[in-house]
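Each remark here refers to the structure printed beneath this line.
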Amino acid sequence: MKATRIIALLLSMATVFQACKDDTAEVVPLPTISVSGTLAGIPGATVQLKASINAPGGVKSVVVLKNGAAFDTKTGTGEKTLDYTKDYVIDNVAAGSIVNFTVQVTDQSNQVSALTTIPVTVSAVPAPTVVTVEGIIEGNVTWTADKIYKLKSFVRVGQESVFGTITKTGTLTIQPGTIIIGDRATKGTLVIQRGSKIIAEGTAAKPIIFTSERAVGEREPGDWGGLVICGRAVNNLPDVQSSRELEGAYGAFHGGTDNADNSGSLKYVRVEYAGIPINPNQEVNSFTFGSVGAGTSLEYLQASFGLDDSFEWFGGNVNAKYLVAYKGLDDDFDMDNGFSGNIQFGIGIRGATQADISGSNGFEVDNDAAGSSNTPFTSATLANMSIIGPKGSLATTISTQFQNGMQLRRNSKLKVYNAVVTGYPYGVYIDSQRGDAKGNASRGELVLNNVVLAGLEGWGTGGFGTSAVSEKEQGGTLADILIGDQKPSVWFAAQTGNKILATSSTVGLSPSLFLTGRPTFTLASGSSLSGVNLPTTLPAFFTKTTYAGAFNDVDWTAGWTEFNPQGVSYVK
């Protein structure tokens, strides 16, 4: 019995000893986290979150919260020590804000560390340096996005004081996101002279912006000059110096014999509050292209609140895609002097009271001022254009200076496909008071196919203020117009795919196109503008589309355009 008791006691002691031994093996220190240093930066900057982890029980997981919300997780594999790192792009929040990241570690025994905070302070964006630019730019010059460039008077890339004598050349490269402002007092203007180039290629996220120097709420059309590009392509002007200078006689010479001329490239560029009067009816436009050649690239351009035309081409044969003319004063798209390029995807939108005393139109197209037969003829080809006039409802009062969605005159031979026009007193006016535009139409040299004139119900004849197609010459004569032996409206309706709709209710255009702020551009479901095929005979430049107008179901203005520049603070 005594031996039995001793054995039992020994077994009991062994069990207790083993239990104590097991308890001791399970007790390990909690994971700990250490951080050091301070993190700060401006919105958009990248900082690296760092934490040193000590986990005697082996890391099972790391969880990181950003201001209390899930940010990142990491699964461990039993590491005793671990250096955690993670990049963070600082959010666009107010300067002085603190973004708190909290880190917590769980070990293999499910023991949890204390919360450790990594604060990131948001710094103020430093005011960019304003660099005043004047005179002549030559050689290779780059403007960077960390500065604002102020144009004083006429800034020229290259020099040509006498037509035909180019004495200096240059290439101006502008980085994405760069801001350029025009000096109001000296009518700051940027002129790219013949033989020189501008390479201004922004991105959808970082467009290049030319704008007014004035503060938010104070900006006006005509606060500065505009962007002028002069090339060496063909035009139909006499070969004399006075004819080869752009209107206003400010030393911008253009023209030559090189239709492949390359003046550079513009991509994702905005021009706001430009257009200065030099002489009566002679202004610098928002975008002015003088005999620019086909080697030049033009894509994703917006002209807003200009004092004259949004886009004007004087001769040349440059091609362009994705153009926005927004609430300019005079014409949206003006073409003359033998312009023969291709344009696709363009929209013009008007403000109800913003019209020029000379008469404002969506298109204004001339062969030349006299309507002569000088060659090459103005014969550009346009496709997928939306011309949105100011009259969005019967209750809207518009300026009496508005005229035509398309004014095709002075012997021009424009060709337009897959377009929509609405909101103007007249949809189309083929003006032959100078030259023979109506003869060009009857001979098939002036072409309108798949053009939809969409009226406003109850406004007037054909849903337009006066008529969808002008039957009489406008102005003082009021003479009847005949295209061949047909009235213009009869001729128009007989052309392939053309339609005159007394109401725009079926075309699927958003009412926001006539309001302030960013419009909705895409067509509503079931739009009658869908299912309209672009002719397959057009040059390879044209993207094949199945709709009339500039948009179907994709908004190509997204990200880079601005429809309320008055409220944007460019200079901090």
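Residue numbers for the sequence shown, in mature numbering (1 follows the signal peptide of the UniProt record, and there is no 0): -21 to -1, 1 to 551. Quick reminder that beta carbons are idealized off the backbone N, C-alpha and C, glycines included. Just so we're clear, the structure is a prediction, and the values are computed from it rather than from any experiment.
The beta carbon of G174 sits closer than 8 Å to the beta carbons of G137, E139, I145, T148, R211 from its chain, once the five residues preceding and following it are set aside; these are given in chain order.
Excluding the 5 residues flanking it on each side, G538 has same chain C-beta neighbours closer than 7 Å at A183, A184, in chain order. Taking a 10 Å sphere around the C-beta of G487, we find 16 or more other C-beta atoms and assign the residue as buried. Partner residues in a beta bridge of Y549, as assigned by DSSP, do not exist. One Cα belongs to H233, the other to R223, and the distance between them is close to 6 Å. For G269, the pairing in a beta bridge is given by DSSP as C209, F293. Counting C-beta pairs closer than 8 Å gives fewer than three between the segment 324 to 332 and the segment 347 to 354, which falls short of the contact rule.
Across the structure, L435 and A231 are spaced so that their CA atoms are roughly 42 Å apart. By the C-beta density criterion, D240 is buried, having at least 16 other C-beta atoms within 10 angstroms. Non-local C-beta neighbours of S40 in its own chain, meaning closer than 8 Å and more than five positions away in sequence, comprise T52, K53, T54, G55, V84, T85, ordered along the chain. For N79, the secondary structure class from DSSP, reduced to helix, strand or coil, is strand. With fewer than 16 other beta carbons inside 10 angstroms of its own, V68 counts as exposed.
Uninterrupted beta strand (DSSP E) stretches at least 3 residues long and entirely within the segment 315 to 396 occur at 321 to 328, 342 to 344, 360 to 367, 383 to 388, given in chain order.
Each residue's CA atom was taken as its position, placing L286 and S15 some 57 Å apart.
For P98, the enclosing beta strand (DSSP E) starts and ends at 95 to 101.
Residue burial annotation: A334 is buried, with at least 16 other C-beta atoms found within 10 angstroms of its C-beta. P498 counts as buried, since at least 16 other C-beta atoms from the protein chains shown sit within 10 angstroms of its C-beta.
Rounded to whole angstroms, the gap between the alpha carbons of I116 and E278 is 24 Å. Between the segment 490 to 504 and the segment 468 to 480 there are fewer than three C-beta pairs closer than 8 Å, too few to call the two in contact.
By the C-beta criterion, the segment 395 to 405 is judged to be in contact with the segment 364 to 373, since at least 3 inter-stretch pairs fall below 8 Å.
For L492, the secondary structure class from DSSP, reduced to helix, strand or coil, is helix. In the structure shown, the three-state DSSP call for G442 is helix. By the C-beta density criterion, I336 is exposed, having fewer than 16 other C-beta atoms within 10 angstroms. Beta-bridge partners of Q453 (DSSP): none assigned. The alpha-carbon separation between V248 and G510 amounts to approximately 31 Å. When the five nearest sequence neighbours on each side are left out, the beta carbons in the same chain lying within less than 6 Å of the beta carbon of V207 are those of V170, A231, T267, in order along the chain.
Rounded to the nearest whole angstrom, the C-alpha separation of A374 and P467 is 29 Å. Look at G307 here: in three-state DSSP terms it is coil, with no helix or strand label. Closest by C-alpha distance to S242, out of G274, N258, N264, is G274. DSSP places K176 in the uninterrupted beta strand (DSSP E) bounded by 176 to 180.
Apart from sequence neighbours up to five positions away, the residues of its chain that approach T123 with a beta-carbon distance below 8 Å are Q154, T157, ordered along the chain. Between S358 and S319, the beta carbon gap of about 5 Å places them in contact (Cβ cut-off 8 Å). In the displayed model, W203 falls within coil according to three-state DSSP, outside both helix and strand.
When rounded, the separation of the alpha-carbon atoms in L151 and E291 is 22 Å. C-alpha of Y63 to C-alpha of L28: approximately 8 Å in a straight line. Secondary structure note for A420: its alpha helix (DSSP H) is the uninterrupted segment 416 to 421.
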